[in-house]
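*Asks:* Using my numbering, the letters of the sequence shown correspond one by one to residues 173 to 445.
Dropping the structure in here first, questions after.
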Amino acid sequence: MKGKGFEGKNVYITGGSSGIGLATAELLAERGCNVIVFARGRERLEQALERISSRAASGSQRFAFRQLDITDPDQVDRVMGEAVDDFGPPDILINSAGRALPDYFENISYRQLDDSMKLHLYGNWSAIKALLPHLKERGGHIVNVSSVLGFMGVFGYSDYAASKFALFGLTEVLKSELKPHGVRVSILCPPDTDTPGFEVENRNKPPETVAVSEGGGLMQPEEVARALIKGLEKGRFFIGPGSARMLYFMKRHFPWVVELAMDHAIKKVRKAG
Ligand SMILES: NC(=O)c1ccc[n+]([C@@H]2O[C@H](COP(=O)([O-])OP(=O)(O)OC[C@H]3O[C@@H](n4cnc5c(N)ncnc54)[C@H](OP(=O)(O)O)[C@@H]3O)[C@@H](O)[C@H]2O)c1
């Protein structure tokens, strides 16, 4: 991002009507940004816009939303093109749209895998493609929201982890390719976070998945948003809020310790029936 600070920057946030995306939009409004959020549901977008606008630092800031399903590449091209014309080109793109539906591998359909890939990989790919020429012009910053499950395979998340690992790979390539163009790229890998999406995720979670996740704690979306903004300011590639930083270190340097701990938790819950 060219220039210091956030004041007057145009921020595009996919999945900005809820959870981590919304909390980030609110904090960036406080920091003087113009914020536009994208999601499918109109009602939540309208409510989000009210919340974001109420956090403005000055009366000159602009806020908007657009209905968008990021899994439809033609729609992404069209809606992002209109947003650039009406709202102004982006300085920062935050790709936060996503969802997790954990279950045993045998219960996860090909369709669910396809949906996860379309949402977490292809959808983010399309948003970046549509906005990259503008981000290059303005020396912008892209943040892709992956997960702890983007660097660590955990029981119950076969489709989700596959798609979030893929997003991590794409982000690493872009970091290298876009550096000469002055575009920074980051990957945010939150641990469990108390959002509406997490509430849905918990409805059908296998007990083994619950056991493995225990001890990691539950972050608030505002805490994750603060870590994201700090990562943006410092130009960090890997942004690991809360326990994610330590898990990333352990997974890279002591993977056998992580595996032992997960195996132990799974054995315990299976023994208990
Ligand atoms: N919460 C956690 O524990 C956690 C942990 C690690 C990573 N993450 C990741 O963090 C991101 C945000 O999650 P969250 O927990 O904040 O979820 P959330 O509260 O459910 O918010 C998800 C947002 O994405 C939007 N969205 C979903 N599908 C979309 C689509 N096809 N096109 C456009 N927008 C779409 C939703 O709005 P509509 O449904 O109206 O479209 C909503 O605005 C996700 O990528 C998630 O995988 C979450």
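Just so you know, even glycine gets a beta-carbon here, dropped at the ideal spot from N, CA and C.
Can you give the beta carbon distance from R212 to Q239, rounded, assuming they're within the 8 Å contact cut?
*Replies:* About 6 Å; that satisfies the 8 Å criterion.
*Asks:* Going by DSSP, name the residue or residues bridged to A236.
*Replies:* Its beta-bridge partners are I208.
*Asks:* Kindly indicate which three-state DSSP category F410 falls into: helix, strand or coil?
*Replies:* DSSP places F410 in strand when its eight states are reduced to three.
*Asks:* Ordered along the chain, which non-local residues of its own chain (more than five positions away) have a Cβ less than 7 Å from that of S298?
*Replies:* Same-chain partners within the cutoff: I242, P245, V248.
*Asks:* Assuming S268 contacts I185 (C-beta within less than 8 Å), just tell me the rounded distance between them.
*Replies:* Indeed they touch by this definition, with Cβ atoms about 6 Å apart.
*Asks:* What residues come near ligand 1, if near means a beta carbon less than 5 Å from any of its heavy atoms?
*Replies:* Output, sorted by chain position: G187, S189, S190, G191, I192, A211, R212, G213, D241, I242, T243, S268, A269, G270, V317, S319, P362, D364, T365, T367, P368, G369, F370.
*Asks:* Work out the CA separation of K336 and S330 for me, nearest whole Å.
*Replies:* Answer to the nearest angstrom: the Cα atoms are 10 Å apart.
*Asks:* Would you say G407 and V355 are within 7 Å of each other, going by their C-beta atoms?
*Replies:* Cβ distance not < 7 Å, so G407 and V355 don't count as in contact.
*Asks:* At the level of alpha carbons, what is the spacing between T196 and R398?
*Replies:* Between T196 and R398, the C-alpha separation is close to 7 Å.
*Asks:* Should the segment 274 to 281 be regarded as contacting the segment 377 to 388, the criterion being three or more beta carbon pairs within less than 8 Å?
*Replies:* These segments touch.
*Asks:* Once you ignore the five residues that flank K443 on each side, which residues in its own chain have a CB closer than 8 Å to its CB?
*Replies:* Result list for K443: empty, nothing under 8 Å.
*Asks:* Could you have a look at I300 and say whether DSSP puts it in helix, strand or coil?
*Replies:* Three-state result, I300: helix.
*Asks:* Determine the direct distance from the alpha carbon of W428 to that of L321, and round the result to whole angstroms.
*Replies:* Between L321 and W428, the C-alpha separation is close to 17 Å.
*Asks:* Note down the Cα distance separating H292 from G270, rounded to an integer number of angstroms.
*Replies:* Answer to the nearest angstrom: the Cα atoms are 6 Å apart.
*Asks:* In terms of residue numbering, what span does the alpha helix (DSSP H) encompassing R417 cover?
*Replies:* Per DSSP, R417 belongs to the alpha helix (DSSP H) from 416 to 425.
*Asks:* What are the partner residues of R356, as DSSP defines its beta bridges?
*Replies:* Its beta-bridge partners are H313.
*Asks:* Does the distance from the C-beta atom of K423 to that of M324 stay below 7 Å?
*Replies:* Cβ atoms of K423 and M324: closer than 7 Å.
*Asks:* Just mark S230 as buried or exposed, buried being the case when its beta carbon has 16 or more other beta carbons within 10 Å.
*Replies:* Its Cβ having fewer than 16 others within 10 Å, S230 is exposed.
*Asks:* Which class does M324 belong to by DSSP, given the choice of helix, strand or coil?
*Replies:* Coil, per DSSP.
*Asks:* With a threshold of 6 Å on Cβ separation, who are the neighbours of M289 within its own chain once the five nearest residues in sequence on each side are excluded?
*Replies:* Excluding residues within five positions, the ones whose Cβ falls inside 6 Å are S335.
*Asks:* Kindly indicate which three-state DSSP category I242 falls into: helix, strand or coil?
*Replies:* Residue state, collapsed to three classes: coil.
*Asks:* Helix, strand or coil: which one does DSSP assign to K185?
*Replies:* First, the residue type needs correcting, since residue 185 is Ile and not Lys in the sequence shown. Reduced to three states, the DSSP call for I185 is strand.
*Asks:* Using DSSP bridges, identify the partner residues of L265.
*Replies:* Beta-bridge pairing links L265 to Y184, I314.
*Asks:* Taking the C-alpha atoms as reference points, what is the distance between N279 and L285?
*Replies:* Looking at the two C-alpha atoms, the distance is approximately 11 Å.
*Asks:* Leaving out five residues on either side along the sequence, give the residues of the same chain with a beta carbon under 7 Å from the beta carbon of G412.
*Replies:* Here the set comprises C361, Y420.
*Asks:* State yes or no: is the C-beta of P363 within less than 7 Å of the C-beta of G191?
*Replies:* Not a contact, by the Cβ cut-off of 7 Å.
*Asks:* For Y282, does the count of other Cβ atoms within 10 angstroms reach 16, so buried, or fall short, so exposed?
*Replies:* Exposed, since its Cβ has fewer than 16 Cβ neighbours within 10 Å.
*Asks:* Could you compute how far the alpha carbon of F370 sits from the alpha carbon of I314?
*Replies:* Going from the Cα of F370 to the Cα of I314 covers about 24 Å.
*Asks:* Ordered along the chain, which non-local residues of its own chain (more than five positions away) have a Cβ less than 7 Å from that of L350?
*Replies:* Here the set comprises V357.
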